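Enquirer:
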Amino acid sequence: MAEQERLTNKERRQRGREERKRKAEEEAKAARRRRIISVLSTIVVLAIIGAVVATAFLGDDDVIDEAIVLNSEEITEAREAAGCEVLAEQPEPGAATHFPNASAPPADQLYAGVRPAHSGPHLEQTLPIIRRGSDNQLDERGLLHNLEHGSVAAWYDPEQLEDGIKDDMEDWSARLIESGFAEPRAGTGIYVSPYTEPGITSGKTIAFRAWGFAMDCDEWDEDVAYSVVLERYGSHGIAPERTFAPFPEELLRYEDRDVEDTSTEDAPVGEPTETGTPTETATDGAATEEPPATEEPTTSEPTETTS
Numbered sequence: 314m315a316e317q318e319r320l321t322n323k324e325r326r327q328r329g330r331e332e333r334k335r336k337a338e339e340e341a342k343a344a345r346r347r348r349i350i351s352v353l354s355t356i357v358v359l360a361i362i363g364a365v366v367a368t369a370f371l372g373d374d375d376v377i378d379e380a381i382v383l384n385s386e387e388i389t390e391a392r393e394a395a396g397c398e399v400l401a402e403q404p405e406p407g408a409a410t411h412f413p414n415a416s417a418p419p420a421d422q423l424y425a426g427v428r429p430a431h432s433g434p435h436l437e438q439t440l441p442i443i444r445r446g447s448d449n450q451l452d453e454r455g456l457l458h459n460l461e462h463g464s465v466a467a468w469y470d471p472e473q474l475e476d477g478i479k480d481d482m483e484d485w486s487a488r489l490i491e492s493g494f495a496e497p498r499a500g501t502g503i504y505v506s507p508y509t510e511p512g513i514t515s516g517k518t519i520a521f522r523a524w525g526f527a528m529d530c531d532e533w534d535e536d537v538a539y540s541v542v543l544e545r546y547g548s549h550g551i552a553p554e555r556t557f558a559p560f561p562e563e564l565l566r567y568e569d570r571d572v573e574d575t576s577t578e579d580a581p582v583g584e585p586t587e588t589g590t591p592t593e594t595a596t597d598g599a600a601t602e603e604p605p606a607t608e609e610p611t612t613s614e615p616t617e618t619t620s
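Per this note's numbering, residue 314 is the first one in the sequence shown, and the count goes up by one each step.
1) Let me know if S506 comes out buried or exposed under the rule of 16 or more other beta-carbons within 10 Å of its beta-carbon.
2) What would DSSP say about W485, mapped onto helix, strand or coil?
3) What is the rounded straight-line gap between the Cα of T321 and the Cα of S351?
4) What residues in its chain sit with their C-beta under 8 Å from that of T509, if we drop five residues either side in the sequence?
5) Restricting to Cα atoms, I'd like to know which of R444, E475, L474, V427 is closest to E453.
6) Tell me which residue opens and which closes the beta strand (DSSP E) that S506 is part of.
7) Does the beta-carbon of A391 have 16 or more other beta-carbons within 10 angstroms, so that it is buried, or is it exposed?
8) How many angstroms separate the CA atom of R444 from the CA atom of R498?
9) Can you give me the start and stop residues for the alpha helix (DSSP H) that E398 sits inside?
10) Pull up the CB-CB distance for V537 and A395, whole angstroms please, since I reckon it's below 8 Å.
11) With a threshold of 8 Å, are at least 3 pairs of Cβ atoms found where one atom belongs to the region 428-442 and the other to the region 399-414?
12) Opposite A527 in the DSSP bridges: which residues?
13) Exposed or buried, what is S432 when buried is set at 16 or more other beta-carbons lying within 10 Å of its beta-carbon?
14) Rounded to whole angstroms, what is the Cα-Cα separation between A420 and V399?
15) Which residue from T389, G463, D569 puts its Cα closest to that of P404?
16) Taking the beta strand (DSSP E) that L383 falls in, what are its first and last residues?
17) I'd like to check one pair, L383 with S492: are the Cβ atoms closer than 7 Å?
18) For G550, is the classification buried or exposed, using 16 other Cβ atoms within 10 angstroms of its Cβ as the cut-off for buried?
19) Less than 6 Å between C-beta atoms, sequence neighbours within five positions excluded: which residues of the same chain meet that for M528?
20) Per the DSSP calculation, V465 is bridged to which residue(s)?
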């Protein structure tokens with residue numbers, strides 16, 4: 314106190330300026346620290362959110378990084394164990410008919426046989442690719458157009474499906490789509506959807522569908538599901554516009570037999586119905602005679618994909 318009293322006014326003003334400068338510098342440093350902490354916190358939060366979103370969207374086991382190799386004899390046994398029945402192996406007559414989305418008849422008027430349908434008149438627009446399946450029942454009429462382009466679908470009865478199987482099915486479809494079993498611009502991919510209206514006609518839990526192919530099973534078996542894709546997806550199937558989806562040969566195969574690429578063959582097709590607008594009935598524009606649709610269950614052995 315005595316020392317301050319001895320300071321001149323000039324010295325006191327100088328000390329005041331120095332003190333204010335020191336406090337201003339300390340406040341500036343504190344503000345910089347707060348900004349740095351805020352930026353780092355934001356980065357950490359965004360990184361966590363990104364990781365959560367990536368995990369939810371991509372999954373942990375998301376891409377086929379090594380070829381899936383199946384054995385046809387083991388698949389036959391797996392299909393039998395899963396209670397699988399092949400209900401159809403040829404498309405329905407009039408299957409190539411397209412309807413405008415706004416004026417298409419309801420599915421119950423279009424499809425009188427096996428449900429969900431495997432072929433038949435359908436909407437003129439395909440459904441979008443749905444990576445991990447749909448929680449709501451997809452429009453059967455729209456999905457048939459996707460099947461016409463070489464897609465494969467796995468429908469399920471949610472009331473009969475065991476806990477956890479829905480996630481397994483969605484993981485299966487996501488893995489295939491991310492690995493190359495999808496052509497979004499063509500509406501070709503792997504689809505998973507519940508089916509409650511009117512319900513799977515066979516009364517089984519799982520209904521595999523590709524164009525002209527229907528196989529229903531009592532339970533989900535992933536190897537069986539892969540075998541359907543191997544035999545029916547894209548250029549391995551008989552869909553009229555299957556050339557939209559070349560089969561990724563390096564990712565999925567049998568170890569004991571070949572599955573033929575059918576791209577250059579005429580697809581078995583039916584005659585257009587009286588309503589709707591017929592489309593081209595074969596990949597090369599040439600129509601072929603329609604073999605009769607198979608309505609009775611056949612053996613559950615893996616089938617050759619040549620038409």
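Note that CB positions come from ideal geometry on N, CA and C, so glycine has one too. These figures come from a predicted structure and were not determined experimentally.
Expert: The structure says:
1) Result: buried.
2) Looking at W485 - three-state DSSP - the assignment turns out to be helix.
3) C-alpha of T321 to C-alpha of S351: approximately 45 Å in a straight line.
4) Answer for T509: Q450, D470, P471, E472, listed in chain order.
5) With distances taken between Cα atoms, E453 lies closest to V427.
6) 503-507 is the span of the beta strand (DSSP E), which, as asked, contains S506.
7) Result: buried.
8) Near 14 Å, if we compare the C-alpha coordinates of R498 and R444.
9) Per DSSP, E398 belongs to no alpha helix (DSSP H); it is in the beta strand (DSSP E), 398-401.
10) V537 to A395, Cβ: 6 Å. Contact.
11) Taking a cut-off of 8 Å on C-beta distances, the region 428-442 touches the region 399-414, as three or more cross pairs fall below it.
12) DSSP lists A401, R522 as partners of A527.
13) The residue is buried, with at least 16 neighbouring Cβ atoms inside 10 Å.
14) If you take the alpha carbons of A420 and V399, they lie about 22 Å apart.
15) Taking each of T389, G463, D569 in turn and checking the Cα distance to P404, the smallest one comes out for G463.
16) Counting along the chain, the beta strand (DSSP E) containing L383 begins and ends at 381-383.
17) Taking the C-beta atoms as reference points, L383 is found no nearer than 7 Å to S492.
18) G550 counts as buried, since at least 16 other C-beta atoms from the protein chains shown sit within 10 angstroms of its C-beta.
19) So the qualifying residues of the chain are C397, V399, F521.
20) V465 pairs with I503, A523.
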